[in-house]
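Below you'll find the structure, written out as structure tokens, and then a few comments.
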Amino acid sequence: MRSCARPLWAGSPTTERSLSPPLVNSQPDSVRQRPFGLPSTTALVVANMIGAGVFTTSGFALADLGDRRWVLCAWLVGGGIALTGAMSYGRLAARFQESGGEYVFLSRVIHPAVGFVAGWVSLLAGFTGAIAFAATAFEVYALPADAHPPWLPQGALAISTIFLFAGLHAMAVRFGLRIQNLIVLTKLSLLVAFVTYAFMILPSDGWSGLHVENQGRPFSIFAFAGSLVWISLSYSGFNASVYVSGEVRDARRTVPKSLMLGTISVTLLYLALNTIFLYAPRPDEVVGREDIAAIAALALGGEGLAKAVRIAISIALLTSISSMIVAGPRVYAQMARDGVFPPWLADRGTDTPPTKSIVLQTLLAAAVVWMATLEQLLSYLAFTLSLSAAATVACLFVLQRRDVDRKKSLLEMAAPATYVTATLTLATLAAVNRPWQLAATCLTVASGLGLHAIFTSKKGASQERNL
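Start counting at 1 in the sequence shown, then tack on 469, and there's your number in the working numbering.
In structure tokens:
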């Protein structure tokens, strides 16, 4: 954050006005060396959001809900919740212009232990699990079962992809960002082209599932909540740019703008894509299937379009992997600089990537690829990350109570209130429907609290020895 203190060498105000250089050049190094601007931060949000979830979730949701209309409704509700979350995170990012995301917000506002747990959740679920999820989905689409070489072990392509992007982003920040921005632009162009083609052939009865009646299964609020928790994972990247706030030019304005621009764009794209996924093929062809996007493309244009869509989805998943490898290590580096993570993880300068944190992230994500299935990862990640995000947005209520001199506005607090209420309600209903999700999240939180106690005790002992 920019300091308000006058420098020690400062003279009178008159002297300062006459001797100081123009404001635009007063901090040239800090401005020029920050690699992230609005295009890069918005691309980071888009790349984080458009990952494995949108191409895999609707098949599982349709199996739970039994009605395509309810699945689309869940995507619409999820987009609305994500928008309120983006508004809330934008306010926090404008106040705390540091890299680290939930860890920084909760540490500065609530308590360092709570922030540590949020950082621990980021390590296990927010990035490690999410990278593994995206990489596994990438392998599913890039190498379908009928094209998978028998000599290539399952998970090998996913792990190789993780290592490839880790190496790319460990080389240099700006070089990695240029590559990522190019891939994001390619991804969006291909997805928009697919949506345009699908709706162009709609009048010619090109959608075989459009005239199939929806199943009359009774609506279940618990099933809807469970599906919405899954879908929330596809929106969870709406906060991506807050993890690199300390490296963003004019972060107070740029980060909130990037959150809103990215979230609105992706929400509209998600609604269009899932309308196609659910109504282009017959419902019985996609229910419970993880490759619903490829099945929809096959129904629309045959094998040729299906292959083209698999390529587009593979590119989309690559940018998701890439963006999370950019964001995640910044959290661990910030925790290390604060003394709550091993100090060797804080090995970066202004324009130098946190190489050791990237290595740690890569090894953990590769291990998770071997250990969990796609659906297991989807359920755990969605539930755990939604609770972490709700706790973070709740920081705004604490800050509102502390700012006693500031007039409180009910309208101003509507977005965080909506986000926290909706997220906690969905999490409660999902826990009733799938208790193991709550158990896994509680285990994650408990292990984080235990590690915080260990790290702080070691830090205290080290400080005593130095006295």
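Every residue gets a Cβ at the ideal spot worked out from N, C-alpha and C, and that includes glycine.
Can you tell me whether DSSP reads Val-681 as helix, strand or coil? Of the three classes helix, strand and coil, the one that applies to Val-681 here is coil, per DSSP.
If I measure Cβ to Cβ from Ile-782 and keep anything under 7 Å in the same chain, skipping five residues before and after, which residues do I get? So the qualifying residues of the chain are Phe-524, Tyr-610, Ala-762.
What would DSSP say about Val-837, mapped onto helix, strand or coil? Of the three classes helix, strand and coil, the one that applies to Val-837 here is helix, per DSSP.
Gln-937 - containing alpha helix (DSSP H), residue span: Here the chain comprises residues numbered 470 to 936, so residue 937 is not present and cannot be evaluated.
Can you check DSSP and say which residues form a bridge with Phe-465? Outside the modelled stretch of the chain, which goes from 470 to 936, sits residue 465, for which no answer is possible.
Proximity winner among Val-901, Ala-692, Ala-815, relative to Gly-569 (alpha-carbon distances): The candidate whose alpha carbon is nearest that of Gly-569 is Ala-815.
Among residues of its own chain, excluding the 5 on either side of Lys-656, which ones have a beta-carbon nearer than 6 Å to its beta-carbon? Same-chain partners within the cutoff: Ile-784, Ala-785, Thr-788.
Roughly how many angstroms separate the alpha carbons of Arg-903 and Thr-910, rounded to a whole number? Each residue's Cα considered, the two are about 12 Å apart.
Could you check whether the stretch 791-802 touches the stretch 515-524, counting it as contact only if at least three pairs of C-beta atoms, one from each stretch, sit closer than 8 Å? As far as the Cβ criterion goes, the stretch 791-802 touches the stretch 515-524, which means the pair count is three or higher.
Here's a check: name, in chain order, each residue in its chain whose Cβ is nearer than 7 Å to the Cβ of Arg-537, leaving out the five neighbours to either side. Contacts found: Leu-531, Asn-683, Leu-747, Tyr-748, Pro-752.
Can you say whether Met-556 is buried or exposed, counting buried as having 16 or more other CB atoms within 10 angstroms of its CB? So Met-556 ends up on the buried side.
7 Å Cβ cutoff met for Ser-837 and Thr-597: The displayed chain sequence assigns Val, not Ser, to residue 837. Yes; because the gap between Cβ atoms is below 7 Å, this pair is in contact.
Just to confirm, are Val-698 and Ala-543 a CB contact at a threshold of 7 Å? Not a contact, by the Cβ cut-off of 7 Å.
Can you say whether Gln-830 is buried or exposed, counting buried as having 16 or more other CB atoms within 10 angstroms of its CB? Flag for Gln-830 reads buried.
Chain-order list of residues whose beta-carbon lies under 6 Å from that of Lys-914 (same chain, five-residue window excluded): Looking at the sequence itself, residue 914 is Val, so the reference to Lys does not match. When the five nearest sequence neighbours on each side are left out, the beta carbons in the same chain lying within less than 6 Å of the beta carbon of Val-914 are those of Val-586, in order along the chain.
What separation, rounded to the nearest whole angstrom, lies between the Cα atoms of Thr-736 and Gly-624? Straight across, the Cα-Cα distance linking Thr-736 with Gly-624 is about 30 Å.
Here's the rule: buried if 16 or more other CB atoms are within 10 angstroms of the residue's CB, otherwise exposed. What is Ala-883? Per the 10 Å Cβ criterion, exposed.
Under the three-state reduction of DSSP, which class applies to Pro-939: helix, strand or coil? No information on residue 939 is available, as it lies outside the stretch 470 to 936 that the chain covers here.
Gly-554 to Thr-890 span [Cα, whole Å]: Answer to the nearest angstrom: the Cα atoms are 11 Å apart.
For the alpha helix (DSSP H) that contains Leu-637, what are its first and last residues? First-last of the alpha helix (DSSP H) with Leu-637: 625-640.
Buried/exposed call for Met-640, threshold 16 Cβ in 10 Å: Of the other Cβ atoms in all chains shown, fewer than 16 fall within 10 Å of the Cβ of Met-640; this residue is therefore exposed.
What span of residues does the alpha helix (DSSP H) with Ala-616 cover, start to end? Note, Ala-616: premise wrong, no alpha helix (DSSP H); not H, not E.
Taking the straight line between their C-alpha atoms, what separation do you get for Gly-528 and Leu-541? Whole-angstrom Cα-Cα distance: 12 Å.
Just verifying my parser: in three-state terms, what is the DSSP assignment at Ser-705? Looking at Ser-705 - three-state DSSP - the assignment turns out to be helix.
Roughly how many whole angstroms lie between the Cα atoms of Ala-627 and Leu-633? A straight-line Cα-Cα distance of about 10 Å links Ala-627 and Leu-633.
Backbone secondary structure at Ser-568 - three-state DSSP: Ser-568: coil per DSSP, three-state reduction.
Look up Pro-725 in the DSSP assignment and say whether it is helix, strand or coil. Helix at Pro-725.
Taking buried to mean at least 16 other C-beta atoms within 10 Å of its own C-beta, is Ser-701 buried or exposed? With 16 or more other CB atoms across the displayed protein chains lying within 10 angstroms of its CB, Ser-701 is buried.
Per DSSP, what kind of secondary structure is Ile-600 in: helix, strand or coil? Three-state DSSP puts Ile-600 in a helix.
Secondary structure at Ser-465, three-state DSSP: helix, strand or coil? Any answer about residue 465 is impossible in this case: the structure gives the chain only from 470 up to 936.
Is Met-804 buried or exposed, if buried means 16 or more other CB atoms sit within 10 Å of its CB? Its Cβ being crowded by 16 or more others within 10 Å, Met-804 is buried.
Run of the alpha helix (DSSP H) containing Thr-821, from where it starts to where it stops: Note, Thr-821: premise wrong, no alpha helix (DSSP H); not H, not E.
Below 7 Å between beta carbons: does that hold for Arg-503 and Arg-718? Going by C-beta atoms, Arg-503 is nearer than 7 Å to Arg-718.
Looking only at its chain, what residues have a beta carbon closer than 6 Å to the beta carbon of Ala-896, apart from the 5 residues adjacent to it on each side? The beta carbon of Ala-896 is closer than 6 Å to those of Ser-855, Leu-856 in its chain, skipping five residues each way along the sequence.
In angstroms with no decimal places, state the Cα-to-Cα distance between Ala-614 and Val-515. Straight-line Cα distance between these residues: approximately 29 Å.
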